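**Student:** Before I ask anything, here is the structure I am working with.
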Amino acid sequence: MSVIAEHGGLAEHIHPEPQGFIRKYIFSLDHKIIGIQYIITAFVFFVLAGCLAEIIRIQLMHANGGFITPDTYDEVYSIHGSAMVWLVIIPMLTGGFGNLVMPVQIGARDVAFPWLNMISFWIFPVSGLMLFSSFLMGAPVAGWTEYPPMSLQGAAGTSMWCAAIFLVGVSSTLTGINFLVTMLKMRAPGMTYTRMPLFCWGQFATAPLLMIATTALAAALAALFMERQFGVPFYDPTKGGSPVLWQHMFWFYSHPAVYIMILPAFGIMSEVISVFSRKPIFGYRLIAFSSAAIALAGFMVWAHHMFTSGIAPYMQLPFMVITFIIAVPTGVKIFSWIATLWEGKIHLTSSMLFALGFLVLFTFGGISGVFLAAIPFDLHVHGTYFIPAHLHFVLVGGSLMGIFSGIYYWFPKMTGRYMSEFWGRVHFVLFMIGFLGTFLPMHWLGAEGMPRRVATYDPQFQGVNQFESIFSFIMTLAILIFFINALYSIRNGKKAGHNPWGARTLEWQIPSPMPYYNFKHIPSVFGLPYDFTEPLPYAHLEEELTDSPVPVGSH
Amino acid sequence: MAVVSIPGGGEVDQLYAETRALRLQGFLLFLVSDIVLFSSFIFAYLYLRNSGQGWPPPGVTRPAIALGAVNAAILFGSGATMHYALENFKHGKFMRYAAFMISTIILGVLFLSGQGFEYYTLYVHDHVSWSGSGIFGASFFTLTGMHGFHVFCGIWYLTILLLQSVHGVYDKNKYFGLTAGTLYWHFVDVIWVVLFSIFYLV
Amino acid sequence: MNGLEIEHIVAVVLGVIVVCVALFALRNDWKTPGLDNQVFKIMLGLLALGGVLAALTGAGFIGKS
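Chains as they are written, first to last, in this note's numbering: chain A, 43 to 597; chain B, 5 to 206; chain C, 49 to 113.
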């Protein structure tokens with residue numbers, strides 16, 4: 043019922059490939075092109091938001107600041123955070139890698155609604171430009187969380203911020219619906235839920251979060267917009283509203299959003315670690331179901347961001363306990379990956395290096411997250427640099443490392459060429475050094491009480507801050523190397539075959555770059571894609587790599 | 005081309021059946037996300053209402069209950085006519101389908117007029133406004149206004165569906181557009197059951 | 049008979065009609081398979097509940113002004 047039929051249905055329905063440049067590469071309906079569009083656009087915003095991060099680090103070189111005014115500083119970190127979360131990590135991991143790989147991995151020709159997919163993509167750059175254009179009219183100053191009442195007093199750009207995030211939320215919601223229907227209805231024959239590759243399980247757990255949580259954020263943003271533009275009292279305490287209401291609605295979205303940002307990266311980890319250890323993934327079902335458990339529990343922990351916001355003590359305790367419980371499925375995944383590595387035949391490619399780096403850094407960030415879930419500790423470090431340290435460990439050390447790992451892994455599939463392995467390793471080493479030097483000392487700064495989101499600080503912290511700024515330049519250098527490597531390799535990289543890594547998921551069984559129709563014949567699936575000693579568990583794939591004609595338009 | 009039967013529907017070809025299944029699933033998920041949108045605002049309303057200011061806040065008049073009940077009954081009635089529009093279309097009775105469809109649209113317009121009259125009364129006679137009446141104005145006008153906007157969109161949606169069916173876009177077996185329209189209209193009705201309860205009954 | 053009384057009577061009558069029609073439709077459709085029809089059944093049930101609420105409100109049993 044839920045699996046597409048072999049004859050006469052969507053499986054046999056191949057549209058002829060469009061030939062014009064615009065329909066082929068700009069307003070494309072092809073999920074692979076759209077995925078690459080997402081990745082490129084997100085990297086453009088990544089560069090912009092990264093420049094903002096460096097402005098922050100330059101400002102913090104000196105205890106009295108002086109590089110930019112404190113007001114500009116507020117604008118810079120607000121847009122840096124918003125852009126990194128909504129314009130870089132979420133679109134890259136869901137719209138980008140999800141579109142690029144997920145439909146092929148489940149053996150489908152495209153996502154369920156290609157037009158909707160194109161619309162979701164084109165909303166995203168528009169909203170990104172809106173977000174950055176808020177600098178022109180006075181950007182928001184209350185951080186990426188935009189707590190009222192400060193966001194109510196911000197300049198006109200705050201309303202622009204609301205509109206931009208609302209739009210990118212619409213894009214996310216549509217993508218979530220699209221992916222969920224694709225994975226529920228369009229799997230190839232034999233591709234049961236417990237045979238789906240783990241990257242698809244990551245997307246499968248993320249899609250409902252995108253669909254449900256993002257809509258809740260849309261409501262919060264609409265209310266903030268109405269309050270700012272029309273004076274409708276939702277959040278202003280002087281008119282009867284409640285600032286804590288915003289925090290509830292915002293974190294009801296933004297805590298699941300944390301899992302939107304990490305579950306697809308978990309999926310990438312599962313693929314990469316298994317392939318480069320040449321071993322079946324340890325505990326396939328545990329990893330798959332723990333994704334679902336994390337997604338479910340992610341809706342029940344939002345108030346752990348609000349322990350200092352004056353919520354009732356009887357509410358605090360359950361939120362603390364459920365937050366601790368969420369660490370369990372996450373730990374299950376970490377231990378499964380370590381067990382996969384155990385006695386595996388490990389290939390230290392760039393992709394695998396980033397995956398191993400992910401394991402270390404994400405575990406570190408996860409553990410500081412467990413610290414923060416404990417109310418007494420949270421009361422001590424809330425609003426200090428401990429928080430940026432934790433969130434950069436999970437978002438840079440987790441999601442961004444996952445993104446890099448995924449780019450190195452799927453680059454041959456996108457372009458048909460390798461990225462330079464040597465420069466990939468240089469990228470990894472410099473990035474690790476830069477990252478640890480930038481963010482590790484922030485834990486100490488936070489524990490010592492240095493407040494976040496302030497343009498100046500106590501002179502006793504100046505030495506550590508200068509140290510961090512210098513290492514952040516090393517991180518920037520590493521990312522520069524990555525970009526040059528990627529851009530150079532698109533045309534000049536070493537040619538890769540259809541399956542350079544010896545991987546077993548479906549996208550590696552078809553030519554690189556992937557053809558428009560994905561499969562000449564929809565495959566049948568007999569087992570998991572992780573048993574490296576067995577023959578491939580697929581049928582009907584014999585003609586994919588040959589010159590046999592494409593059955594265009596046959597029904 | 006293989007002929008398959010849709011559960012509870014007609015006999016269609018395989019491609020239509022699969023496309024229909026995708027669209028149905030997608031449309032239902034869209035409605036789920038819309039439910040979340042309403043739920044968030046309802047949460048905001050209940051949160052503000054229980055923030056210790058009393059309800060309604062001092063100096064604010066609640067909307068008239070009798071008119072609200074009539075209006076609600078009209079909207080629920082339109083849900084019933086919509087159901088029979090789809091039933092008649094399924095059984096090929098086009099004229100009865102068109103009559104039920106037109107009455108649904110008329111009832112929808114009546115509901116919007118009633119709501120407009122309610123807003124007018126509140127605003128002109130009772131001086132209750134969106135931004136000037138504290139949390140009552142904010143939550144009442146935002147939520148009912150958002151619902152009214154959904155009804156407004158639904159009226160256009162049904163009108164377009166009616167015109168499409170007159171032009172023969174749908175037939176006795178392939179009528180998914182009408183199913184989606186019916187789902188949407190029922191959704192709008194059912195949301196009003198909740199909104200009516202929390203604004204007029206408690 | 050003033051406008052308010054007419055409104056009360058109209059609400060009760062319309063509400064009762066909605067309940068009857070919704071329950072009748074629900075009984076007719078009870079065994080229809082299909083995802084869309086399952087959702088329709090839930091919707092019809094809630095519609096009947098809405099009719100009950102409208103009728104009771106019109107009759108003055110519930111509701112706050």
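The beta carbon of each residue, even a glycine, is placed where N, CA and C say it ideally should be. Model, not experiment: these values are computed from the prediction.
Determine, using beta carbons only, whether residue 272(A) comes closer than 8 angstroms to chain B.
**Tutor:** Yes, residue 272(A) counts as interfacial toward chain B.
**Student:** May I have the straight-line CA-CA distance separating residue 597(A) from residue 570(A), to the nearest angstrom?
**Tutor:** Any answer about residue 597(A) is weak, because its pLDDT of 43 lies below 50 and its placement is not dependable; what the coordinates show is given next. About 29 angstroms.
**Student:** For residue 142(A) and residue 456(A), which I take to be in contact (beta-carbon distance under 8 angstroms), what is that distance rounded to the nearest angstrom?
**Tutor:** Yes, residue 142(A) and residue 456(A) are in contact; Cβ-Cβ is about 7 angstroms, under 8 angstroms.
**Student:** Residue 63(A) to residue 69(A), Cα distance in whole Å?
**Tutor:** C-alpha separation (whole angstroms): 9 angstroms.
**Student:** Taking residue 8(B) as part of the beta strand (DSSP E), name the residues at either end of that continuous run.
**Tutor:** Per DSSP, residue 8(B) belongs to the beta strand (DSSP E) from 7 to 9.
**Student:** Using a threshold of 8 angstroms, state whether the C-beta atoms of residue 132(B) and residue 140(B) are closer than that.
**Tutor:** Against a cut-off of 8 angstroms, the Cβ pair of residue 140(B) and residue 132(B) comes out as a contact.
**Student:** Can you check which of these residues, 178(A), 406(A), 550(A) and 358(A), is closest to residue 373(A) by C-alpha distance?
**Tutor:** Comparing Cα positions, the closest option is 406(A).
**Student:** When you compare only the Cα positions, how much space is there between residue 119(A) and residue 80(B)?
**Tutor:** Distance between the alpha carbons of residue 119(A) and residue 80(B) is about 50 angstroms.
**Student:** For residue 175(A), which three-state DSSP category applies?
**Tutor:** If DSSP states are grouped into helix, strand and coil, residue 175(A) belongs with the helices.
**Student:** Taking 8 angstroms as the cut-off, decide whether the C-beta atoms of residue 225(A) and residue 318(A) are in contact.
**Tutor:** Cβ atoms of residue 225(A) and residue 318(A): not closer than 8 angstroms.
**Student:** Does residue 51(B) have its Cβ less than 8 angstroms from a Cβ in chain A?
**Tutor:** It does: the Cβ of residue 51(B) has a partner Cβ on chain A nearer than 8 angstroms.
**Student:** For residue 96(A), report the span of its alpha helix (DSSP H) as first-last.
**Tutor:** First-last of the alpha helix (DSSP H) with residue 96(A): 73 to 101.
**Student:** Taking just the CA atoms, how far does residue 9(B) sit from residue 98(B)?
**Tutor:** When rounded, the distance between both Cα atoms is 22 angstroms.
**Student:** Three or more C-beta pairs under 8 angstroms: does that hold for the region 49 to 61 of chain B against the region 232 to 250 of chain A?
**Tutor:** Contact fails: fewer than three Cβ-Cβ distances are below 8 angstroms.
**Student:** Beta-carbon within less than 7 angstroms of residue 468(A)'s beta-carbon, same chain only, minus the 5 sequence neighbours each way: which residues are those?
**Tutor:** These residues qualify, in order along the chain: 523.
**Student:** Quick check: is the beta carbon of residue 59(B) nearer than 8 angstroms to any beta carbon in chain A?
**Tutor:** Residue 59(B) does not count as touching chain A.
**Student:** Alpha carbon to alpha carbon, what distance is there between residue 195(B) and residue 90(A)?
**Tutor:** Looking at the two C-alpha atoms, the distance is approximately 42 angstroms.
**Student:** Could you list which residues in chain B have their beta carbon closer than 8 angstroms to that of residue 280(A), in chain order?
**Tutor:** By Cβ distance, chain B contributes nothing, its closest Cβ being about 10 angstroms from residue 280(A), past 8 angstroms.
**Student:** Could you round the C-beta distance between residue 100(A) and residue 122(A) to whole angstroms and report it? I think they count as a contact, below 8 angstroms.
**Tutor:** That belief does not hold up - the Cβ atoms of residue 100(A) and residue 122(A) are roughly 13 angstroms apart, past 8 angstroms.
**Student:** Helix, strand or coil, according to DSSP, for residue 405(A) in the structure here?
**Tutor:** Residue 405(A) falls in the helix class under three-state DSSP.
**Student:** Which same chain residues, not among the five before or five after residue 547(A), have their C-beta less than 6 angstroms away from its C-beta?
**Tutor:** Correct list, in chain order: 147, 239 and 571.
**Student:** Pull up the CB-CB distance for residue 154(B) and residue 199(B), whole angstroms please, since I reckon it's below 8 angstroms.
**Tutor:** Incorrect: roughly 11 angstroms between the Cβ atoms, too far for contact.
**Student:** Does any residue of chain A bring its CB to less than 8 angstroms from the CB of residue 40(B)?
**Tutor:** Yes - at least one Cβ of chain A is within 8 angstroms of the one on residue 40(B).
**Student:** So, are the CB atoms of residue 67(C) and residue 106(C) less than 8 angstroms apart?
**Tutor:** Against a cut-off of 8 angstroms, the Cβ pair of residue 106(C) and residue 67(C) comes out as no contact.
**Student:** Does DSSP put residue 206(B) in a helix, in a strand, or in coil?
**Tutor:** Correct three-state label for residue 206(B): coil.
**Student:** Can you name the residues of chain A whose CB is closer than 7 angstroms to the CB of residue 139(B)?
**Tutor:** Result: 275, 282 and 283.
**Student:** Short of 7 angstroms in beta carbon distance, which residues of its chain neighbour residue 427(A), apart from the five on each side in sequence? Order them along the chain.
**Tutor:** Once the five neighbours on either side are set aside, the close Cβ partners of residue 427(A) are 484, 487, 488, 492 and 494.
**Student:** Under DSSP, the alpha helix (DSSP H) around residue 16(B) begins and ends at which residues?
**Tutor:** Here residue 16(B) belongs to no alpha helix (DSSP H); instead the beta strand (DSSP E) covers 15 to 17.
**Student:** What does the Cβ neighbour count give for residue 149(B), buried or exposed, with the cut at 16 atoms within 10 Å?
**Tutor:** When all chains shown are included, residue 149(B) counts as exposed.
**Student:** Rounded to whole angstroms, what is the Cα-Cα separation between residue 366(A) and residue 331(A)?
**Tutor:** C-alpha separation (whole angstroms): 18 angstroms.
**Student:** Rounded to a whole number of angstroms, what is the C-alpha to C-alpha distance between residue 97(C) and residue 42(B)?
**Tutor:** Taking the straight line from one Cα to the other gives about 19 angstroms.
**Student:** Identify the contact partners of residue 85(C) in chain B, using a Cβ-Cβ distance below 7 angstroms as the criterion.
**Tutor:** In chain order: 12.
**Student:** Just to make sure I have the definition right: I need the residues of chain B whose C-beta is within less than 8 angstroms of the C-beta of residue 52(C). Which are they?
**Tutor:** Within chain B, the residues near residue 52(C) are 70.
**Student:** Shorter than 8 angstroms from the beta carbon of residue 135(B) to some beta carbon of chain A?
**Tutor:** Output row for residue 135(B): interface = yes.
**Student:** Could you tell me whether any Cβ in chain C is nearer than 8 angstroms to the Cβ of residue 23(B)?
**Tutor:** No, because no Cβ of chain C sits closer than 8 angstroms to the Cβ of residue 23(B).
**Student:** Mind checking the region 108 to 121 of chain B against chain C and listing, in chain order, the residues whose C-beta falls within less than 8 angstroms of any C-beta there?
**Tutor:** Residues passing the 8 angstroms Cβ filter: none.
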